[in-house]
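Engineer: Have a look at this one.
Residue numbers (the numbering used here), protein chains in the order written: chain X, 19 to 292; chain E, 2 to 256.
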């Protein structure tokens, strides 16, 4: 008997394109709908503001917000350097905080005793609202780049630490058994099985960490800094320039959205096997 | 042929917190190139016995000799196949097939050639660059089969490798396994709870009973080789053996 049975057909995964979709769910229609919603809300808002049914001093108006954005980003460009400083601090906080968090998490995975020892400290630090550290950091590092980066790091670090630990603990037991029967333990098993298993969880930590790095930096800027988008925000609020405040919020939403989008692209490239 | 490659002597095993031992006084010799199936109800200790041979569990009483040495995890004479495929989801079919051989230090040229050949034999050649998520259950288990055979180990320990598959796929994979085994004459210890699977594959079927786990019968399977699993389904000899093993399983009658 030498006949080998053929493979039992291709995997039963139908191509995504074969999914029956109503025209309403097509991406282009979806985007059109979203734009219409924004236009409708903006229109109502503008009308209410024009007729003074809501107080523009407190609520601004879409036209006013667009004006502030135009002036801040294109004409006077006062918001551009501020945005630059915030982005630099966020990237620094994200890079350093993530690297340290992942490194510590991997250390805990390799030496579980160290992890158990450190756990209460990490938990206590995690329970502390990190933004409350900002005054201390400002005292230590001044009003420049370092103090707000430090706040961002303090948030990002713990997120990456816990997601790395969770990822290395969530390894499929079957894969562990396979590794044991092949006699791979220690460092070899770590690099062949534990680390790759942990990557998806680490990645969701990175996505969250980036958003929290931005949060930490902007919060620190609101509390005190010489530059940054948070500084602009608190100045606009201080002089009742509500349109300016909304303009900054729009910028932050766009920056945060871009960052998440970028992370998704990197993730789908790196984790194409999922 | 004839010399035992696996020797189990008076092995007993108990799990903490369980009054009844999982295994009591097990004796077993498996010859070079022999295909032994161990069958029994779930919880009879058959997987425990396999895991003791694989070194996955520490020996409590008795001795186990594997290819002249003691059973340890990562014993180069042993390739272990699990009930689930345990494919690494981040590796392609080919990389998975090569994985075992790679980590035990087989040369790249050799394992590449072997993996290619094995993937062809298990019918996955055209899926060598696919990731496990794109494969069906049966295909994944084929890939695991290729990974197991890519190791040059003379002993294969298989823990219900086809237990989770549908009947059709199971028959195909049994045929594939027999073909691979025939080509290389390795020693196989195959755990299953499927009677016809045990009889169709093995030279010898060992029937276990539970509480405590022990051998209740050993049935030699004189069916001619090479065998075709499909043809066997219609053979009278096969069904007679089935009845023999079945009654052994039910009442502990020794054949």
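Backbone N, C-alpha and C define an ideal beta-carbon position, used for all residues, glycine too.
Using a Cβ cut-off of 8 Å (strictly closer), state whether residue 201 of chain X contacts chain E.
Structural biologist: At least one chain E Cβ lies under 8 Å of residue 201 of chain X.
Engineer: Grab the span of the beta strand (DSSP E) containing residue 30 of chain E for me, first residue to last.
Structural biologist: Counting along the chain, the beta strand (DSSP E) containing residue 30 of chain E begins and ends at 24-32.
Engineer: Using the three-state DSSP reduction, which class does residue 275 of chain X fall into: helix, strand or coil?
Structural biologist: Helix, per DSSP.
Engineer: Can you pull the chain X residues whose beta carbon is under 7 Å from the beta carbon of residue 1 of chain E, in chain order?
Structural biologist: There is no way to answer for residue 1 of chain E, as the model of chain E reaches only from 2 to 256.
Engineer: Return the residue from the list X:93, X:159, X:102 and X:54 that minimises the CA-CA distance to residue 242 of chain X.
Structural biologist: Out of X:93, X:159, X:102 and X:54, X:159 has the C-alpha closest to the C-alpha of residue 242 of chain X.
Engineer: What residues of chain X sit near residue 182 of chain E, judged by a beta carbon separation below 9 Å?
Structural biologist: Within chain X, no residue comes near residue 182 of chain E; the closest Cβ sits about 11 Å away, beyond 9 Å.
Engineer: Do residue 187 of chain E and residue 227 of chain E have their C-beta atoms closer together than 8 Å?
Structural biologist: No, these two residues do not count as a Cβ contact at 8 Å.
Engineer: Could you please give the first and the last residue of the uninterrupted alpha helix (DSSP H) stretch that includes residue 164 of chain X?
Structural biologist: Run containing residue 164 of chain X: 163-187, per the alpha helix (DSSP H) assignment.
Engineer: DSSP three-state call for residue 69 of chain X: helix, strand or coil?
Structural biologist: Coil.
Engineer: Could you work out which residues of chain E lie near residue 214 of chain X, taking near to mean beta carbons separated by less than 9 Å?
Structural biologist: Under the 9 Å cutoff, chain E gives 89, 90, 91 and 92.
Engineer: If you compare alpha carbons, which of X:164, X:290, X:273 and X:258 is closest to residue 75 of chain X?
Structural biologist: Checked all of X:164, X:290, X:273 and X:258; the closest Cα to residue 75 of chain X is X:258.
Engineer: Which same chain residues, not among the five before or five after residue 119 of chain X, have their C-beta less than 6 Å away from its C-beta?
Structural biologist: Once the five neighbours on either side are set aside, the close Cβ partners of residue 119 of chain X are 175, 178 and 179.
Engineer: Measuring alpha carbon to alpha carbon, tell me which residue in E:197, E:208 and E:229 is nearest residue 241 of chain E.
Structural biologist: Residue E:197 is the option with its Cα nearest to residue 241 of chain E.
Engineer: Please determine, among E:93, E:132 and E:151, the residue with the shortest C-alpha to C-alpha distance to residue 111 of chain E.
Structural biologist: Answer by Cα proximity: E:151.
Engineer: Considering only DSSP beta bridges, list what residue 159 of chain E is partnered with.
Structural biologist: In DSSP, residue 159 of chain E forms a bridge with E:82 and E:191.
Engineer: In three-state DSSP terms, what is residue 127 of chain E?
Structural biologist: In this structure, residue 127 of chain E counts as helix in the three-state DSSP scheme.
Engineer: Do the stretch 196-214 of chain X and the stretch 133-140 of chain X meet, that is, are 3 or more Cβ pairs less than 8 Å apart?
Structural biologist: Touching, no.
Engineer: Tell me whether the stretch 235-252 of chain X and the stretch 91-103 of chain X touch, counting them as touching only if at least three CB pairs, one residue from each stretch, are closer than 8 Å.
Structural biologist: Yes, the stretch 235-252 of chain X is in contact with the stretch 91-103 of chain X.
Engineer: In three-state terms, what does DSSP make of residue 145 of chain E?
Structural biologist: Helix.
Engineer: For the stretch 114-126 of chain X, enumerate the residues whose C-beta is nearer than 7 Å to any C-beta of chain B, in chain order.
Structural biologist: As a matter of chain content, chain B is missing from the structure shown, whose protein chains are X and E.
Engineer: Measure the C-alpha to C-alpha separation of residue 285 of chain X and residue 221 of chain X and round it to an integer number of angstroms.
Structural biologist: Cα to Cα, the separation comes out at about 7 Å.
Engineer: Alpha carbon to alpha carbon, how far is residue 27 of chain X from residue 173 of chain E?
Structural biologist: Note on residue 27 of chain X: pLDDT 42, under 50, position unreliable in the model; the coordinate value appears next. About 13 Å.
Engineer: Could you have a look at residue 202 of chain X and say whether DSSP puts it in helix, strand or coil?
Structural biologist: DSSP places residue 202 of chain X in coil when its eight states are reduced to three.
Engineer: Using a cut-off of 7 Å between C-beta atoms, extract the partners of residue 55 of chain E located in chain X.
Structural biologist: Under the 7 Å cutoff, chain X gives 199.
Engineer: So which residues of chain X does residue 101 of chain E contact, with C-beta pairs closer than 7 Å?
Structural biologist: Under the 7 Å cutoff, chain X gives 200.
Engineer: Starting from residue 205 of chain E, trace the beta strand (DSSP E) in both directions and tell me its first and last residue.
Structural biologist: It spans 205-210 - the beta strand (DSSP E) in which residue 205 of chain E sits, taken as one unbroken run.
Engineer: Just tell me which of X:46, X:82 and X:164 has its CA closest to the CA of residue 63 of chain X.
Structural biologist: Residue 63 of chain X has its Cα closest to that of X:82, out of X:46, X:82 and X:164.
Engineer: For residue 242 of chain E, name the three-state secondary structure that DSSP assigns.
Structural biologist: In this structure, residue 242 of chain E counts as helix in the three-state DSSP scheme.
Engineer: Measure from the C-beta of residue 186 of chain X to each C-beta in chain E and report whether the shortest distance is under 8 Å.
Structural biologist: Not an interface residue.
Engineer: I'd like the ranges of any alpha helix (DSSP H) spanning at least 4 consecutive residues and lying wholly in the stretch 92-173 of chain X.
Structural biologist: The stretch 92-173 of chain X contains these whole alpha helix (DSSP H) runs: 97-128, 130-145 and 152-159.
Engineer: Below 8 Å, how does it come out for the stretch 23-34 of chain E and the stretch 211-230 of chain E: are there three or more Cβ pairs, yes or no?
Structural biologist: Yes: at least three Cβ pairs fall under 8 Å.
Engineer: Pick from E:93, E:101 and E:149: whose alpha carbon is nearest that of residue 185 of chain E?
Structural biologist: Ranking the options by Cα distance to residue 185 of chain E, first place goes to E:149.
Engineer: Evaluate residue 127 of chain X with the Cβ neighbour count: other Cβ atoms within 10 Å of its Cβ, from every protein chain shown; 16 or more gives buried, anything less gives exposed.
Structural biologist: Residue 127 of chain X should be labelled buried.
Engineer: Could you give the distance in angstroms between the alpha-carbon of residue 18 of chain E and the alpha-carbon of residue 49 of chain E?
Structural biologist: Those two C-alpha atoms are separated by around 16 Å.
Engineer: At a CB distance below 8 Å, what residues from the stretch 217-231 of chain X approach chain E? Give them in sequence order.
Structural biologist: Those residues of the stretch 217-231 of chain X that come within reach of chain E (Cβ to Cβ, closer than 8 Å) are 217.
Engineer: Can you find at least 3 beta carbon pairs, one from the stretch 93-108 of chain E and one from the stretch 132-150 of chain E, that sit closer than 8 Å?
Structural biologist: Short answer: they touch.
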